[in-house]
Amino acid sequence: MGSNVTYPNIVWENYNVTILYVQVSWIAMLLISGILTVHWNENRMNLVQRLSISPPTSTSALEMLQNALAKSLPFKIKRSAPEEDRQQYKQRKVTLGNLLEYGKGYESFMLHLTRELSVENLLVITELVQMQRILLEFGYLNKDKPETHITDLNIPTDIEIPLALELGMLRTKLSSAPTSGSRKYGPILEAWVYIYKKYINAKGAPYMVNISWRIRASLSIHFNRAQPWLLNSGSSKQKVGEILSNVISVSIEAEVSSTPSENKVQSQMEEEFFELVRDLRFLVSEIFGNMNDSFARFQIYEIVSARSR
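First residue of the sequence shown? That's 2 in our numbering, and the numbers climb one at a time after it.
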């Protein structure tokens, strides 16, 4: 009973010890964080210095990138005097478009996109290029007017990306499709729906690309336009003929022949076709912009790989 130690005093002393411990721990964490930050900045500055232009003792990052990519380019990059190099650098620069136009560059970049989990960007552009080649082959697009094409990119034909069944069917159907009438664009609509469901559809595309809401909405309009035609693509002539046999086949043939209304439908479908091509061009442009971000990281990867060899 004579002891001066009370329960409140014990609690207060324990509280002070706890506060002191927390403060010391916090100071220690700040010191460790500061040391790590300084060390990280030193390493970062060393890396920047190694990759920066500081002639004649080091090689610039841009030149290292050119050396790395030039090893697999199908053409030789001419070496010239330093002042000429500076003047002609823009002409000799390897762009994403250059890279994708030869097989090894295409495959290397696809592997890089696979690491970044964004390979669908290159896949959709590849299939649109394949589709465009078929449309050019059958005269749906004018070879002399590249500004009206889906894309200017020329992906090599020897890459290991086989033509999809739907695009193979497009070539087969266009080879026997009528050159006029509303059915002229039917096979193209079927191929377009395949592209949409695979890459664009926000409600379940297995390889959905990351694009703006505006472009996705525009392409959805084209998809919705195609639905009524595809639902009726069996043609009333074929369905009625199956039911009524050959008795009225002659009259049905006469009914579906070219008329002013048929010409109007063809004109409307042609207009919608070129609107689709225009919006697909916007799609490719946006996806190509996204891939340029990946290409910047691909360049750094090539620099690091070149230094490690």
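Don't be surprised by glycine CBs; every beta carbon is placed ideally from N, CA and C.
Residue range of the unbroken alpha helix (DSSP H) whose run includes residue i
i: PHE139; result: Unbroken run through PHE139: none, as it is neither H nor E.
i: GLY98; result: 97 to 101
i: ALA218; result: 214 to 232
i: ALA192; result: 187 to 196
For residue i, the three-state DSSP class (helix, strand or coil)
i: ASN143; result: coil
i: SER119; result: coil
i: VAL278; result: helix
i: MET292; result: helix
i: LEU175; result: helix
i: ALA203; result: coil
i: ASN155; result: coil
i: VAL307; result: This sequence places Ala at residue 307; Val is not what is there. It is helical.
i: ASN211; result: coil
i: ILE160; result: coil
i: THR1; result: Limits of the chain in this structure are 2 at one end and 310 at the other, which puts residue 1 out of reach.
i: HIS150; result: coil
i: LYS94; result: coil
i: ALA165; result: coil
Contact test: residue i Cβ vs the ligand FAD heavy atom, cutoff 7 Å
i: ARG172; result: Absent from the structure shown: the ligand FAD. Ligands present: none.
Rounded straight-line distance, which links the Cα of residue j to that of residue i
i: GLU121; j: GLN269; result: 32 Å
i: ASN211; j: GLN300; result: 22 Å
i: ASN202; j: VAL25; result: 56 Å
i: GLN133; j: LEU166; result: 15 Å
i: ASN293; j: LEU97; result: 7 Å
i: TRP214; j: LEU100; result: 29 Å
i: ARG184; j: VAL285; result: 27 Å
i: LYS265; j: LEU124; result: 36 Å
i: ASN291; j: ARG308; result: 27 Å
i: TRP27; j: THR19; result: 12 Å
i: ASN143; j: VAL130; result: 15 Å
i: SER221; j: ALA178; result: 26 Å
i: PRO147; j: LEU277; result: 15 Å
i: MET111; j: LEU154; result: 15 Å
Contact belief for residue i with residue j at Cβ below 8 Å, rounded distance in angstroms
i: TYR186; j: LYS199; result: About 20 Å separates the two Cβ atoms, so there is no contact after all.
i: GLU102; j: ILE135; result: Not a contact, Cβ separation roughly 19 Å.
i: THR152; j: ARG282; result: 7 Å
i: LEU171; j: ILE189; result: 7 Å
i: GLU191; j: ARG226; result: GLU191 to ARG226, Cβ: 13 Å. No contact.
i: ILE160; j: TYR197; result: Incorrect: roughly 23 Å between the Cβ atoms, too far for contact.
i: PHE224; j: LEU175; result: No, PHE224 and LEU175 are not in contact; Cβ-Cβ is about 20 Å, not under 8 Å.
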